Each structure stands twice: as structure tokens, then as C-alpha cells.
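Colleague: Questions regarding the structure given below will be posed in turn.
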Amino acid sequence: MAPHYVLRCCQRSLAWIPVIFINLVVGWSYYAYVVELCIFTIPNNAEKISYLVVFHLFFIMFIWSYWRTICSRLANPSKEFCLPKVEKEQYEKEDPDTQQEVLKKVVVGLPVYTRTGTGAVRYCDHCQVIKPDRCHHCSTCDMCVLKMDHHCPWVNNCVGFSNYKFFVLFLAYSMLYCVFIAATVLQYFIKFWTLCRRRSVEDCPQNQLPDTHAKFHVLFLFFVAAIFFISILSLFSYHLWLVGKNRTTIEAFRAPVFRNGPDKNGFSLGFSRNMAEVFGDQKKYWMFPIYSSHGDGQSFVTRLVNLDPEQMAGGLQINGKSSVEGPASTLGNNINHIEDHQDGSFDKTDVAETVTVTIESES
């Protein structure tokens, strides 16, 4: 017990090394840009002030979104996804085939419509919960995470339902932070580079910049900002594509399996609604690391709206909930989604996989 606990503590401590590294780099970049470049190098006050204002704007948004991603508490399945006491005791003493029958009886009353590749109910033996749609167990965090995208070592946290918007904004603002630094430092990088190459030539033209230690900060700052920008740009572009398709990184590599088979676009509702599911309906909050995502992370609107044979008793399936039963809060969170699609006007992202939806109102 003791050695395992000590090992676990060491692993958790070492996991903070990438976060410490990022913070050290950002701290040095702040010093190099504000002190060495703006205060000691740039002679023009108007240029200096304008650079500082824009720089601090990007810096604040970058740090804000970064630490929101790190500090956000991971969303876990609620108690309703735990097996009742009687079913749990029955599950633990039965063989695998009978265990699935127990799970199928329990899952009838839950908003769960995805399965494993073999068609079995997704159950986490470690956390002892039925996995909601898009939920996965993270071995690093040692828990089931709602709408898990991936575990990111640079934030020492899982990226999932509770912080995915913050993570995308972190990538966006870190990219803007780097490109702004590289763009504004470029002219001084060229001047310092020229100074370094000509300093041994006696008759070289006079350079307006002083030959001080600031040149090393400026030269290195440009290289670091350019390298980070290139690497972050590809990652940010990939996650924008995922948001537009309403997929997680896991779903991009392995299509979610519904009761009628795998469907890579099963959760896609069209670009505008996909964006709103992550960033919310009010665009004024999109650019701020303030929580505004739709839903509860346990049930999702799908383009496969139909009557499921296993859920006939619950009524019409809407966003993983029946039209008769289910928490009112979940329905309220997703009513805006349904209103746009009740007339069958789904955005078709893949013509070959078009789904015809017909909803008949009850008299």
C-alpha cells in the first residue's frame, strides 16, 4: 500500500513539470518583451506604448484561458449512472453474458445510445458506472471524464466537457501571443542580427541599436515565438476542425458506435450548431474563458433522432432524454438545439449518410 501511494505521489508531482516549463518560458518571454525590448530597446514612445497595450491584452487572455483549462474540475458521470444496489450485487456474481443483460435492463432508463465495438453496453469496472455517451476513462486522472477529448500533459489535466472551450481558447490566444511577439520583434531581430554580423567590421554603418545584452533576449525571443507559433497553429487548426464536425480526438480516430452501427457524424448537427454546443449561443462570450457550453455532458443531441426499440417505454428520444421522462434541466439546456431541427432542417455534412427525420406530434 505504502510503496504504491509513494509512487502515485511521485507521478503526480512529475506531471507538473511540463506546466512549470510552460510558465517559465512565458515568464521569460514577458521579461524579454516588456523590459529588454520595449523599455531598453525601442526608442519611440508611441510605438512602445502601443506594443505594450496589445501585448498585455493577449498576455492576460492567454494566461486566463490557460489556467482555466488547468484548474477546471473534471465533469464525471452522475449517480444515476451507477448501478442500483440489487443490480450491482447481481452484476458482480454473474458471468460476462449475464452481466450484459443486467446492464441492458438498467440502461433502459438512461440517456445512453452508444455501445462498444461488439455492441455491448459501455461499463467502467474501475469507476463502477455505466459510461454516458462520449465518456471515457482516463488512466492518468484515474476517473471517467465526460466528453473526454484527450489527456494533455501541458496542462496536467484531461480536456473534456468541462474545459474544452477553455482549451481551444488557450490554443487561440497562445497562437496570437506568439505571432504578435514574432511580428513586432522581427524588425529589431534583423537590426540586432545585422549588428552581430558587422560588429567586427570597422567601417560598417552605424546601427541605431545599442550593443547590449538585450540583443540576445530579442534574438532568442523571435526564434522561440516563431517555433511555438508553427507548432500551435497546426494543433489549433485541428481542434477547430473537430469543433466544426462536433467530434472529439477519440471520435476522430474511432467513430462512435450507436445501436445501428458506427457513425462518424452521429453527433454532428451542422457547423453553426456544432460551434454553439462548445461556445454557446451568445457570441459575446465566445472569446472569453467563461463557461457557456451547452448541455450537461451526459446526453447529446444527435442527428439520429428516432424511436429506439429498447426505449419505447420512455417515449421519443430527444438529446438522450425521452419526451416524457428525464430531468427537466437537461431538456431545458438543449431545447434550443431541437427547435432548429424539428422541421427536419438538419445541416447535411455528408450526403452519403443523410438521415431522414420525421417527427409526428401526439394528438
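In terms of the numbering used here, the sequence shown has 416 at position 99, counting the first letter as 1, and numbering is strictly consecutive.
Note that beta-carbon positions come from the ideal geometry of N, C-alpha and C, so glycine has one too.
Since this is a predicted model, take the numbers as computed values, not measurements.
Just list the residues that DSSP pairs I366 with in beta bridges.
Modeller: Answer is none; I366 lacks a bridge partner.
Colleague: Using beta carbons (cut-off 8 Å, strictly below), is C355 in contact with chain C?
Modeller: Although the question refers to chain C, the structure presented lacks it and comprises just one protein chain.
Colleague: Going by DSSP, what residue range makes up the alpha helix (DSSP H) through M592?
Modeller: F588 to F596
Colleague: Check for me: the alpha helix (DSSP H) holding N340 runs from which residue to which?
Modeller: Per DSSP, N340 belongs to the alpha helix (DSSP H) from I334 to Y348.
Colleague: Could you please give me the residues that DSSP links to H453 through a beta bridge?
Modeller: V462
Colleague: Going straight from the alpha carbon of I567 to that of Y347, what length do you get?
Modeller: 35 Å
Colleague: Quick check on G578: does DSSP put it in helix, strand or coil?
Modeller: strand
Colleague: Return the chain-ordered list of same chain residues with a C-beta closer than 8 Å to the C-beta of N473, the five sequence neighbours on each side being excluded.
Modeller: A332, W333, P335, V336 and I387
Colleague: Distance check for V352 and S367, CA to CA, integer angstroms please.
Modeller: 15 Å
Colleague: Along the chain, where does the beta strand (DSSP E) containing V476 start, and where does it finish?
Modeller: N474 to V476
Colleague: Just to confirm, is the Cβ distance from L486 to S609 under 8 Å?
Modeller: no
Colleague: Sorted by chain position, which residues of the same chain lie with C-beta nearer than 6 Å to H534's C-beta, five sequence neighbours on each side aside?
Modeller: A349 and E353
Colleague: Near F478, what residues of its chain come up, given a Cβ to Cβ distance below 6 Å and the 5 sequence neighbours on each side ignored?
Modeller: A392, L463, K464 and G614
Colleague: My assumption, with CB atoms under 8 Å, is that P394 sits in contact with V446. Please give the rounded CB distance.
Modeller: 5 Å
Colleague: In chain order, what residues of the same chain lie with their CB nearer than 7 Å to the CB of T457, ignoring the 5 residues before and after it?
Modeller: H468
Colleague: Assuming the contact rule is C-beta atoms closer than 8 Å, A542 and V502 should be a hit. Round their C-beta distance to whole Å, please.
Modeller: 7 Å
Colleague: Where does S327 land, buried or exposed, given buried means 16+ other C-beta within 10 angstroms?
Modeller: Looking at the sequence shown, residue 327 is not Ser but Cys. Counting other Cβ atoms within 10 Å of its Cβ, C327 stays below 16 and is therefore classed as exposed.
Colleague: Grouping DSSP H, G and I as helix and E and B as strand, with all else coil, what is V351?
Modeller: helix
Colleague: Using the DSSP secondary-structure output, state which residues sit across from I447 in a beta bridge.
Modeller: In the DSSP assignment, I447 is bridged to Y440.
Colleague: Pick helix, strand or coil for R385, following the three-state DSSP scheme.
Modeller: Under the three-state reduction of DSSP output, R385 falls in the helix class.
Colleague: Assign R620 to one of three DSSP states: helix, strand, or coil.
Modeller: In the structure shown, the three-state DSSP call for R620 is coil.
Colleague: Within a Cβ cutoff of 7 Å, which residues of the same chain sit near L488, ignoring the five residues on either side of it in sequence?
Modeller: Taken in chain order, the residues that qualify are I549, L552, F553 and H556.
Colleague: Contact check, E411 vs V419 under 8 Å by CB: the rounded distance?
Modeller: 7 Å
Colleague: Measuring alpha carbon to alpha carbon, tell me which of M460, Y490 and R432 ends up nearest F545.
Modeller: Nearest to F545 by C-alpha distance, out of M460, Y490 and R432, is Y490.
Colleague: Could you check if R564 is buried or exposed, using at least 16 other CB atoms within 10 Å of its CB as the buried criterion?
Modeller: So R564 ends up on the buried side.
Colleague: Taking the alpha-carbon of T431 as reference, which of R451, C455 and T415 has the nearest alpha-carbon?
Modeller: R451
Colleague: DSSP three-state call for T565: helix, strand or coil?
Modeller: coil
Colleague: Drop a sphere of 10 angstroms on the beta-carbon of V371, count the other beta-carbons inside from all chains shown, and report buried for 16 or more, exposed for fewer.
Modeller: Only exposed fits V371, as fewer than 16 other CB atoms lie within 10 angstroms of its CB.
Colleague: With a 10 Å radius around its C-beta and 16 neighbouring C-beta atoms as the bar for buried, classify P428 as buried or exposed.
Modeller: buried
Colleague: Which residues in the same chain as C441 place their Cβ atom closer than 6 Å to its Cβ, once the five residues preceding and following it in sequence are excluded?
Modeller: The answer, listed in chain order, is K448, H454 and C461.
Colleague: Check each candidate in L324, F376 and N362 and name the one with the smallest Cα separation from N340.
Modeller: F376
Colleague: With DSSP collapsed to three states, give me the class of R329.
Modeller: helix
Colleague: Excluding the 5 residues preceding and the 5 following F588 in the sequence, name in chain order all residues of the same chain whose CB lies nearer than 6 Å to its CB.
Modeller: G561
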